[in-house]
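Protein chains in written order, with this note's numbering: chain A, 1 to 207; chain B, 1 to 338; chain C, 1 to 776. Encoded as structure tokens, the structure appears first; notes follow it.
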Amino acid sequence: MGLEQFKNRNVGTQNYKVLDLEMPPITAMEKFKQVVSRTFKPELFAGLGVTLREMINALFRGKMHTTQYPFEKLPISPRYRAIHEMLRLLESGHYRCIGCGLCEKICISNCISMDTRYDENQRKEVTEYTINFGRCIFCGYCAEVCPELAIVHGGRYETASEQRASFSLFEDMLTPIDKLNLQQEYQGFGAISSNADENIKKTPLAY
Amino acid sequence: MVDATMLPEVTAAGVIIKAILILAVIAGLAGFGTYIERKILAFMQRRLGPMHVGPHGVLQLAADGIKLFTKEDIIPQHANKIIFAIAPIITAATAFIALAAVPVFPDFTIPFIDVYVPSIASDINVGILFVLGMMAAGLYGPLLAGMAQSNKWGIIGSARTAIQFLSYEVVTGLSILAPIMMVGSLSFVDFNNYQADGALWLVVYQPVAFVLFLIAGFAETNRTPFDLLEHEAEIISGYVTEYSGMRWGLFFIGEYANMITIGIIASVVFLGGYNDFWFIPGWIMIIGKIAFSFFFMLWVRASWPHVRPDQLMWLCWKVLMPLAVINILITGLVMMIV
Amino acid sequence: MSEVKTAENMISIKIDGQEYKAKEGEYILNAARANDIFIPAICYLTRCSPTLACRICLVEADGKQVYSCNAKVKEGMEITTSTSNILEERKAIMEVYDVNHPLQCGVCDQSGACELQNYTLELGIDSQSYTIADTKRETTNWSSILHYDAGLCIVCERCTTVCKDMIGDAAIKTTKRGGATLDKGLKVTMPKDAYAMWNKLQKSVIAPSNGTGETDCSDCGECIAVCPVGALVSRDFQYSSNAWDLKRIPATCAHCSSGCQIYYETKPTSIENRDEKIFRVTNEWNYVSLCGAGRFGYDFENRDAVKDESTFKNAIEAFKKAKVINFNSTITNEEALMLQTLKEKLGVKLINREAKAFQRFLNAYTQASGNSLYTTDFKEIMQSDFVMSVGSSLRNDNPNARYAFNNVQKMNKGAGLYFHPVGDTLIPTFGKTIEMFTHKVGQEELALLLIIKLFADADKLPSSVKDQLDANLVELLGGDSAKFEKSFEKMMKKKTSFSLMIGEDLYFHERAENIAKLIAVLEASSSVNVAMIPPKTNSLGVALICDLDSEASGYTIGYNESGDFRLSALGDGDLDMPAMNQQEGTLTNMHKRVTPTNAALEYHGYELNDIMREVVSAPKHTIDWTAHLPTAKGFKAVEFDTLPNGYTNDGQENRGYLLETTSKEVKEITVEKFSEGSELEGEIAYRCNPQRQFNDFSDKSHQIFEGFGLYASPAKAETLGKRVEVAFENGSLTLDVIVDDRMEGDIVAVPDFKSAENVYELFGESRYKTVTIREV
């Protein structure tokens with residue numbers, strides 16, 4: 001695309017349309033004529049007709065526009081980036097998060113924090129993980145930086161809470177274990193690019 | 001035609017019951033009117049309107065009532081406190097007093113205690129004058145309210161009240177003069193009886209007067225397209241800017257009561273009153289007519305823009321009043337000739 | 001002083017074409033570092049011997065490839081830090097290190113501070129050319145502190161090196177791993193050094209050197225500090241935080257008089273509790289080595305202190321009627337100055353037992369020698385090649401002194417003489433030329449006389465000393481004179497600098513003043529440098545600042561000590577005080593250095609300065625006192641905020657400031673004659689803390705496990721039983737018997753780290769007491 005259209009800064013030559021407006025009446029006779037014509041033209045009744053038609057559309061033809069929001073929700077794009085979800089491994093059902101803390105580090109609004117510990121299986125256990133949704137700006141860095149595709153953005157977009165500091169706890173975000181079969185791989189910002197394989201350097205894998 | 005002398009005696013008890021009935025029903029209807037208004041306007045914009053309080057939001061009225069009653073009653077520091085307090089009462093009171101001379105429901109007798117409740121609380125022979133007078137007196141409500149509250153929007157609101165009400169009283173009076181000439185009485189009952197027994201409605205004889213009366217009625221009740229007194233886009237809330245809670249509510253009860261009154265007058269004077277129509281009983285007819293005129297006001301509000309104060313004045317003095325005068329002249333001539 | 005670069009020992013070298021100055025005899029790597037030039041190196045530790053494990057520090061010197069950690073600079077040497085061949089070697093080495101290194105950076109504790117990560121990125125390793133079958137390497141716990149993940153280990157041997165060369169425990173070593181052998185063809189195709197490194201790496205892994213699964217060491221955790229990867233981690237810290245989440249607060253360790261530079265690393269405790277908590281302590285391990293107390297004894301803060309006005313009022317009342325203030329040396333210089341101010345303005349008596357003894361000794365020394373302070377410090381002792389110790393249980397009293405003693409043996413091919421009544425099995429393992437005298441209690445003067453005899457110029461000796469040298473001192477001290485003569489000859493080979501460290505036994509000696517004179521005589525008549533180990537954390541500072549009293553009675557305020565009204569940083573007193581990790585201020589350490597320490601944790605209660613402001617006038621902050629420390633005693637009028645706390649690249653200590661010392665001419669010293677028969681006989685108790693325990697604060701820390709008990713050698717413990725009552729002249733203690741494998745002989749040790757037990761009262765003016773012990 002060329003830049004010509006941006007470089008033309010002469011506003012006056014742009015394609016403005018002049019509306020076909022009547023000249024306002026000046027003499028008394030002209031004014032009287034305007035009143036008479038306006039009075040007896042059915043303009044006013046056309047207006048009444050429009051509103052009545054829309055009411056009938058809404059009531060009887062199923063064209064009501066209102067979405068009763070808390071009870072009804074509009075479908076959102078699968079790429080929508082709202083409240084985070086913590087995914088599980090599909091095979092074992094164990095949460096994917098390894099507690100590396102990269103999301104905590106990269107978070108520009110400083111709203112992620114986690115507690116980890118050394119557990120009985122010699123693994124790093126994530127004992128608690130919270131996101132302060134009062135501060136989160138949904139920039140998506142956490143999802144992008146996550147090496148395990150463990151934290152992703154989901155479709156829940158309600159961040160209102162009864163408390164000023166509303167946190168979301170690990171269990172709240174984690175895929176419920178009984179819904180593991182419904183867990184979908186993330187396609188949004190932060191997901192593996194489609195040509196990820198090509199970007200990997202080949203190294204010997206004899207063992 | 002029903003002979004008045006055949007009716008049972010009107011007792012004080014009957015009148016009191018009637019008064020209470022009017023007060024309760026009309027006040028309730030006025031409140032309910034807000035719900036209807038919100039609902040109708042919503043439908044016309046393909047919205048749902050109030051939905052959450054009660055089934056389809058019918059209890060919204062109760063919620064609003066509770067809200068209005070429990071809100072803090074604020075009187076501005078520099079307001080004229082007495083007048084500020086009285087103004088809403090004037091509006092509401094005059095609206096209800098006007099209804100005293102209007103036939104609201106058909107008459108009936110309460111069984112067992114044998115108390116006759118008339119259709120009019122007070123069937124005075126100058127009913128129409130009384131009603132128009134009371135409604136005109138109602139203009140003191142907004143006028144005083146706007147001037148008492150020490151607020152520039154209020155002042156503008158009351159100035160607009162003065163020009164609007166004063167102007168349109170003239171048109172109301174003149175427009176209704178032609179039907180009065182035809183009926184020859186100022187009693188609503190006589191108007192009703194004039195159109196009884198299959199007689200044509202007065203609107204057929206007096207279409208111009210009916211249109212003028214309706215236009216003036218919009219102005220009287222302060223409805224779009226003549227809601228200059230409190231037009232939000234221009235003067236915040238006009239004369240009610242400083243009002244809150246139940247005082248504010250009184251203005252609106254008054255406004256909606258006035259809407260009903262205008263509906264009743266229009267129905268009785270021009271649209272055949274509470275006479276049976278074909279096979280439809282009279283009480284259904286009158287309710288239907290009042291309901292339609294109420295709906296019409298909302299419909300107009302949903303459809304039309306409001307006018308500027310100068311346009312309002314121009315329309316009143318230069319168009320409507322001459323038309324009304326001409327209408328009276330023609331009516332008089334026709335009556336003389338026929 | 002060695003810190004000053006004199007023109008004589010500086011030579012000029014060229015690095016990458018640029019001319020630089022370097023100390024003669026220095027390794028190329030250190031010379032480059034001192035001049036801010038980067039040469040990659042993984043296995044080398046400053047102050048320790050080169051390991052040559054990583055081989056990544058290859059440079060070209062005068063056209064020849066050498067290891068910069070191992071080759072010394074020469075006048076006019078031309079060094080190239082990187083050639084294409086060297087780069088190829090380095091890349092190959094890093095690739096080899098990355099072979100089979102677990103890809104668990106996400107959970108690894110070292111991630112972000114990992115040298116393997118850093119050098120892999122630095123050298124741009126983005127692919128792998130080599131493979132080999134992996135062997136299973138187990139994760140083990142070496143002790144209650146140490147956690148070793150062999151899978152992550154790159155066998156750079158820094159841990160074994162520091163344990164041997166610096167700490168002296170030599171508790172870990174490389175052992176066979178049993179990994180797959182390399183393809184012989186690689187010898188031809190691979191860069192030479194990378195192959196050699198890999199060949200060694202593939203065969204070895206680190207393990208406790210005693211052959212068991214547990215290390216036999218002093219749990220100092222220095223191996224954790226030096227580990228470049230996440231292989232060695234403290235069990236408490238593991239997986240609890242990422243390195244980058246921790247805020248580093250430079251401070252001075254408050255446990256002993258070494259006053260080591262440490263970083264308290266803090267972060268909010270948890271998601272629920274956002275109060276800062278110390279997660280670990282780290283150090284500049286190239287320049288300072290910590291002990292177990294410094295590294296693991298960090299959570300002694302006074303947590304729940306609040307400002308309660310009524311108790312504060314009580315405190316003010318108590319100060320107004322106080323006659324005595326009883327305190328110990330775990331306070332800052334500023335607080336010491338406050339107490340001295342109280343003495344001057346209110347006339348209270350100041351009681352501090354350990355500092356008083358040290359002060360008395362210092363005064364006697366100053367009077368005899370004319371020097372305002374002892375003349376040498378422990379940095380210089382580390383540079384010497386003959387080191388001696390008298391009157392200190394090195395292992396327990398001061399870890400840094402012990403490290404110095406060990407380091408001299410290892411790095412300077414040094415020799416050592418160790419005089420102490422309590423036998424020790426560790427000291428002789430430091431080096432081959434160490435002679436130990438386990439003399440009788442009370443023979444400390446004889447030890448000094450022996451040293452004078454060995455090193456002093458006889459002509460310079462005063463007659464009062466000369467007279468005493470004729471006796472067979474070696475035999476008197478319990479040695480074999482013929483054997484000693486032979487071994488001493490061996491010890492003296494190629495030795496040029498001599499140093500002596502003296503400890504608390506001498507300050508708490510009946511004839512302390514006479515001993516001080518002997519020290520003065522030794523210094524005046526020989527080239528032996530003498531350094532003193534102050535008994536407790538800030539004893540030197542307190543001794544210099546406060547005018548201490550020996551006896552006092554009346555209404556007593558105890559500051560971390562017993563008293564009628566108790567101020568306590570432990571949280572158990574009448575009024576809370578901030579612990580050392582909660583306050584700013586300066587400490588005077590045994591290196592004669594006034595070092596700043598910062599508050600790592602919040603403190604919500606009252607400070608001593610608040611009381612000062614009520615009782616007498618005082619500035620707003622505690623640190624406002626810093627500039628008013630007595631300049632007559634060597635302190636400088638410097639604001640606290642201007643004090644640095646760190647090290648420069650060439651290892652120079654840039655912390656606070658050194659005390660000014662003065663010396664003046666004195667007349668000849670007259671030393672009293674040593675009287676035989678003053679030795680203690682019978683069952684003897686020695687007031688001495690176990691390793692890693694110094695005071696109530698180290699005891700409060702959750703990772704310090706050494707208990708309050710009777711420490712005895714294994715043989716002695718067997719005769720004592722499980723629990724004993726130790727009866728002193730003026731009281732008794734009932735203690736559990738704890739075996740200390742490294743003790744020898746019959747003397748038992750009674751710790752003094754719990755001030756509530758009043759051990760000082762039992763021992764009085766001496767560190768040794770005859771006691772009767774019976775099993776209960």
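In this text, a Cβ means the ideal position worked out from N, Cα and C, and glycines have one as well. Owing to the predicted nature of the structure, the values given are computational and were not obtained by experimental measurement.
Residue i: contacting residues in chain A (beta-carbon distance under 9 Å)
i, result
"GLN202/C", "Ordered by position in chain A, no residue passes the 9 Å Cβ test against GLN202/C, which lies about 13 Å from the chain."
"TYR239/C", "GLY99, THR116, ARG117, TYR118, ASP119, ARG123, LYS124 and GLU125"
Secondary structure of residue i, DSSP reduced to three states
i, result
"MET55/A", "helix"
"GLU138/C", "coil"
"HIS78/B", "coil"
"ASN125/B", "coil"
"LYS7/A", "helix"
"ASP3/B", "Residue confidence is low: ASP3/B scores 46 on pLDDT, short of 50, so the model does not pin down where it sits. Its coordinate-derived value is still stated next. Three-state result, ASP3/B: coil."
"TYR603/C", "coil"
"ILE192/A", "coil"
"THR215/C", "coil"
"ARG38/A", "helix"
"GLN60/B", "helix"
"GLY571/C", "coil"
"VAL306/C", "coil"
Beta-bridge partners of residue i, as assigned by DSSP
i, result
"ILE15/C", "GLN18/C and ILE79/C"
"SER204/C", "LYS176/C"
"GLU435/C", "LEU417/C"
Proximity winner among the options, relative to residue i (alpha-carbon distances)
i, options, result
"ARG247/B", "ALA24/B, GLN45/B, LYS67/B and LEU29/B", "LYS67/B"
"PHE319/C", "THR586/C, MET492/C, PRO208/C and VAL616/C", "VAL616/C"
"ALA19/B", "GLY33/B, MET313/B, THR34/B and ALA100/B", "ALA100/B"
"ASN758/C", "PRO268/C, HIS255/C and ASN326/C", "ASN326/C"
"ALA162/B", "LEU315/B, ASN327/B, PRO309/B and PRO111/B", "PRO309/B"
"GLY745/C", "TYR686/C, GLU561/C and THR556/C", "TYR686/C"
"ASP304/C", "SER568/C, ALA627/C, LYS673/C and ALA637/C", "SER568/C"
"ASP183/C", "TRP198/C, THR174/C and ALA170/C", "TRP198/C"
"MET388/C", "GLY414/C, SER144/C, LYS410/C and LEU373/C", "GLY414/C"
Check whether residue i and residue j have beta carbons under 8 Å apart
i, j, result
"PRO142/B", "THR94/B", "no"
"ASN529/C", "SER384/C", "yes"
"LYS716/C", "VAL748/C", "yes"
"LEU601/C", "THR266/C", "yes"
"ARG593/C", "GLY259/C", "yes"
"LEU506/C", "PHE361/C", "yes"
"PHE378/C", "LEU394/C", "no"
Proximal chain B residues relative to residue i, where beta-carbon distance stays under 9 Å
i, result
"GLN34/A", "The premise fails here: GLN34/A is roughly 12 Å from chain B at the closest Cβ pair, so nothing lies under 9 Å."
Chain C residues whose Cβ lies nearer than 7 Å to that of residue i
i, result
"ARG88/A", "Under the 7 Å cutoff, chain C gives no residues; its nearest Cβ is about 17 Å from ARG88/A."
"SER168/A", "Within chain C, no residue comes near SER168/A; the closest Cβ sits about 11 Å away, beyond 7 Å."
"THR203/A", "SER127 and GLN128"
Listed by chain order, chain A residues near residue i by CB distance under 7 Å
i, result
"MET44/B", "THR51, GLU54 and MET55"
"TRP244/C", "LYS105"
Interface partners of residue i on chain B, CB under 8 Å
i, result
"LYS63/A", "ARG46"
Under 9 Å by beta carbon: chain C residues contacting residue i
i, result
"GLU128/A", "SER270, ILE271 and GLU272"
Cross-chain neighbours of residue i in chain A, by beta carbon under 8 Å
i, result
"GLY179/C", "By Cβ distance, chain A contributes nothing, its closest Cβ being about 12 Å from GLY179/C, past 8 Å."
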